[in-house]
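Q: I have a structure I would like to understand better, so I am pasting it below and will then ask my questions one at a time.
Chains as they are written, first to last, in this note's numbering: chain A, 20 to 362; chain B, 20 to 362.
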């Protein structure tokens with residue numbers, strides 16, 4: 020069972036997941052290699068993964084057989100495990116609990132050569148609908164406080180399988196980065212009774228210097244204080260706190276803008292490695308004590324997607340301080356990405 | 020002039036330093052290449068760097084000529100610039116200021132083939148004494164709130180020059196990671212009137228499961244909630260909040276344990292890339308308003324060194340949450356590093 024430990028100095032939890040690889044020799048490989056030679060996400064290789072949790076399939080086909088378009092399976096090397104209780108305990112002055120959670124893989128297509136960026140809009144919507152489906156299901160588990168949907172593209176962004184996939188991790192704590200964002204949104208709302216993100220969108224629309232692309236319902240921005248070159252934030256234009264509640268109509272505009280944005284960085288930056296994360300609201304239905312910010316979460320939180328191309332190195336300075344040095348201004352990044360011809 | 024921008028959501032500052040490289044084509048290179056073909060840190064190449072700030076030299080030799088053992092120069096591609104005022108301003112709801120600060124390089128030796136790990140103890144002490152010297156000098160500048168001393172080893176850890184060097188960056192803000200640590204230490208002290216780090220050292224000495232190495236005055240630990248495999252924290256055993264105040268005697272024991280620890284990871288983990296950061300107290304002499312935690316900083320803060328071997332990838336989950344997944348338990352890491360024969 021993975022163990023979660025709390026750092027009393029940096030006030031963050033960490034998952035000690037020794038079953039994922041505990042011998043030092045495992046670290047002596049060069050970086051950037053795929054983990055397995057045979058592709059377990061290929062149609063026909065369904066027996067190489069744990070049994071499927073969910074799939075979009077041709078009528079009449081059985082689970083764990085060919086005939087699917089999107090398939091969700093448990094991660095074979097889960098960071099957190101679905102069974103068990105948290106068993107919170109003190110270890111002297113330290114804190115720990117069991118690493119209870121979920122770790123799923125959304126196989127986005129049976130074709131290993133095209134990912135969500137290449138798919139037709141209709142096929143890509145099957146993927147984003149699957150995100151909504153799995154999020155809704157995982158949030159029913161009262162042990163989970165947060166569910167993160169994320170996508171690692173390329174080995175340098177941490178992908179261990181080249182076959183296009185998204186990952187979903189449900190955690191028994193609200194992670195630190197999310198807590199800070201939730202608190203900022205809450206502080207802003209309590210002072211002004213307006214959503215911080217809605218205010219940002221209004222300013223960006225007014226200034227029009229950091230808008231990469233938009234459609235009726237969604238907008239893609241270079242954040243004013245971007246940590247990384249070509250960092251992107253994609254948000255619903257109208258206030259919405261929970262990705263579970265996205266309508267089918269909104270899902271079309273969301274998926275269209277997501278594909279548009281990912282195509283811009285692929286074409287403009289030569290298919291760079293990137294990380295993509297959906298920051299939705301925490302699980303207000305969890306059975307843990309509710310922090311006060313959950314009372315107004317519907318009004319103060321605004322779900323959004325972060326996309327981080329991995330073009331620069333994160334080194335000692337960034338690790339030591341949390342202060343990032345970005346060599347490309349968001350305005351330069353916007354001008355460049357806006358100008359990309361999508362063909 | 021680099022610009023500092025504040026993110027209202029994640030509550031962190033970022034440095035937009037476009038002079039370091041602003042064209043997208045610069046990011047299209049493969050990672051892991053050294054920036055320059057000719058080594059500007061070599062003895063004889065003094066004219067390739069900006070004029071030296073400090074050096075340990077043979078008597079009678081002039082600045083910016085051969086004859087040095089340790090040499091400190093401004094970074095040729097500084098993240099922050101020494102001249103100018105902060106000029107704090109609001110940009111709608113965003114905040115910015117000028118990127119005023121210092122960015123220096125400590126060239127640890129004139130021999131490109133040996134770094135602080137290989138040097139004799141006496142020569143290595145010249146390097147750590149230089150750290151103390153530069154820290155003391157930079158802290159006199161009232162514009163600087165924090166000074167970070169850090170070392171990137173290997174291209175995968177972000178080093179852009181193979182010649183052994185350490186970097187020093189002085190910042191006009193207290194960076195987020197440091198703020199969180201300072202706040203934790205303060206909270207602990209205010210509740211218990213004891214230093215959090217002293218309490219941790221006492222528990223670790225009692226349990227003796229995560230001590231990698233120690234001598235009379237210093238201890239190297241695997242932190243209980245390590246984010247990374249083989250992460251190491253090196254601390255003075257007796258309470259000390261400010262690296263500037265380290266005595267010459269303590270500097271000997273510190274340098275000895277630092278070399279011992281770095282040799283263990285080099286031998287045991289096949290010379291891995293790593294980042295090393297010294298977390299000393301913030302600059303209480305700065306002319307900015309003093310947060311309340313500075314009142315007791317002498318008692319509640321405890322300086323320490325963090326060493327992070329870069330063996331695992333930081334991917335979307337970690338970026339999206341700040342929650343780290345560590346595949347090696349600190350107890351396993353300790354057992355392994357303790358067992359290394361230093362020859």
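Beta carbons: idealized from backbone N, C-alpha and C, even for Gly.
Keep in mind that this is a model prediction, so the values were computed, not measured.
What did DSSP end up calling residue 158 of chain A once you bin it into helix, strand or coil?
A: coil
Q: For residue 209 of chain B, report the span of its alpha helix (DSSP H) as first-last.
A: 195-211
Q: May I ask you to report which of helix, strand or coil DSSP gives residue 23 of chain A?
A: strand
Q: Please state the DSSP three-state secondary structure of residue 185 of chain B.
A: Here residue 185 of chain B sits in strand by DSSP.
Q: What are the residues in the region 243-273 of chain A lying within 8 Å of chain B by C-beta distance?
A: 243, 244, 245, 246, 248, 249
Q: If I follow the unbroken beta strand (DSSP E) through residue 73 of chain A, where does it start and stop?
A: 73-76
Q: Would you mind sorting residue 96 of chain B into buried or exposed? The rule is 16 or more other CB atoms within 10 Å of its CB.
A: exposed
Q: So, helix, strand or coil for residue 123 of chain B, using DSSP?
A: Residue 123 of chain B carries a strand assignment under DSSP once its states are collapsed to helix, strand and coil.
Q: Buried or exposed for residue 388 of chain A, going by 16 or more other Cβ atoms inside 10 Å?
A: Since the displayed chain A opens at 20 and closes at 362, residue 388 of chain A lies outside it and no answer follows.
Q: With a threshold of 7 Å between beta carbons, is residue 209 of chain A in contact with chain B?
A: no
Q: Give the interface partners of residue 167 of chain A over in chain B, defined as CB-CB distance under 7 Å, in chain order.
A: Close to residue 167 of chain A, with beta-carbon spacing below 7 Å, are these residues of chain B in chain order: 336, 339, 340.
Q: CB residue 31 of chain A to CB residue 167 of chain A, shorter than 7 Å?
A: No. Outside cutoff.
Q: Helix, strand or coil for residue 349 of chain B? Go by DSSP, reduced to three states.
A: helix
Q: Between the region 22-39 of chain B and chain A, which residues of the former have CB atoms less than 7 Å from a CB of the latter, in chain order?
A: 24, 25, 26, 27, 28, 29, 30, 31, 32, 33, 34, 35, 36, 37, 39
Q: In three-state DSSP terms, what is residue 147 of chain A?
A: helix
Q: Between which two residues does the beta strand (DSSP E) containing residue 6 of chain B stretch?
A: Nothing can be reported for residue 6 of chain B, as the shown portion of chain B is limited to 20 through 362.
Q: Mind pulling the chain B residues with CB within less than 9 Å of residue 60 of chain A?
A: Ordered by position in chain B, no residue passes the 9 Å Cβ test against residue 60 of chain A, which lies about 17 Å from the chain.
Q: Measuring straight from C-alpha to C-alpha, what distance separates residue 21 of chain A and residue 226 of chain A?
A: 48 Å
Q: Would you call the region 296-303 of chain A and the region 196-213 of chain A in contact, with 3 or more CB pairs under 8 Å?
A: yes
Q: Run through DSSP, which three-state label would residue 302 of chain A get?
A: DSSP, read as helix, strand or coil, puts residue 302 of chain A in coil.
Q: Relative to the C-alpha of residue 235 of chain B, which candidate in B/270, B/169, B/184, B/112 has its C-alpha closest?
A: Considering only alpha carbons, the answer is B/270.
Q: Hey, is residue 94 of chain A's beta-carbon within less than 7 Å of any beta-carbon in chain B?
A: no
Q: Beta-carbon separation of residue 131 of chain B and residue 182 of chain B under 7 Å?
A: Residue 182 of chain B is positioned such that its CB atom lies closer than 7 Å to that of residue 131 of chain B.
Q: Return helix, strand or coil for residue 190 of chain A, following the three-state DSSP convention.
A: strand
Q: Secondary structure at residue 225 of chain A, three-state DSSP: helix, strand or coil?
A: helix
Q: If contact means a Cβ-Cβ distance below 7 Å, which residues of the region 343-356 of chain A contact chain B?
A: 343, 344, 345, 346, 347, 348, 351, 355
Q: As a quick exercise: from B/260, B/140, B/122, pick the residue whose alpha carbon is nearest that of residue 214 of chain B.
A: Shortest Cα-Cα distance from residue 214 of chain B to any of B/260, B/140, B/122 involves B/260.
Q: Along the alpha helix (DSSP H) that carries residue 338 of chain A, what are the first and last residues, could you check?
A: Looking at the DSSP string, the run of the alpha helix (DSSP H) that includes residue 338 of chain A is 335-340.
Q: Does residue 253 of chain B come out as helix, strand or coil in the three-state DSSP assignment?
A: strand
Q: If you measure from the CB of residue 101 of chain B, is any heavy atom of the ligand FMN nearer than 6 Å?
A: Absence of the ligand FMN from the depicted structure is noted, as is the absence of any ligand whatsoever, leaving it without description.
Q: Using only alpha-carbon positions, find the residue among B/331, B/201, B/345 that is nearest to residue 318 of chain B.
A: B/201
Q: Is the Cβ-Cβ distance between residue 340 of chain A and residue 248 of chain A less than 7 Å?
A: no
Q: Buried or exposed for residue 117 of chain B, going by 16 or more other Cβ atoms inside 10 Å?
A: buried
Q: Going along the region 106-126 of chain A in order, which residues come within less than 8 Å of chain B, judged by CB to CB distance?
A: 110, 111, 112, 113
Q: By Cβ distance, which residues of its chain are closer than 7 Å to residue 316 of chain B, with the 5 residues on each side in sequence left out?
A: 260, 300, 303
Q: Excluding the five sequence neighbours on either side, which residues of its own chain have a C-beta within less than 8 Å of the C-beta of residue 142 of chain B, listed in chain order?
A: 88, 128
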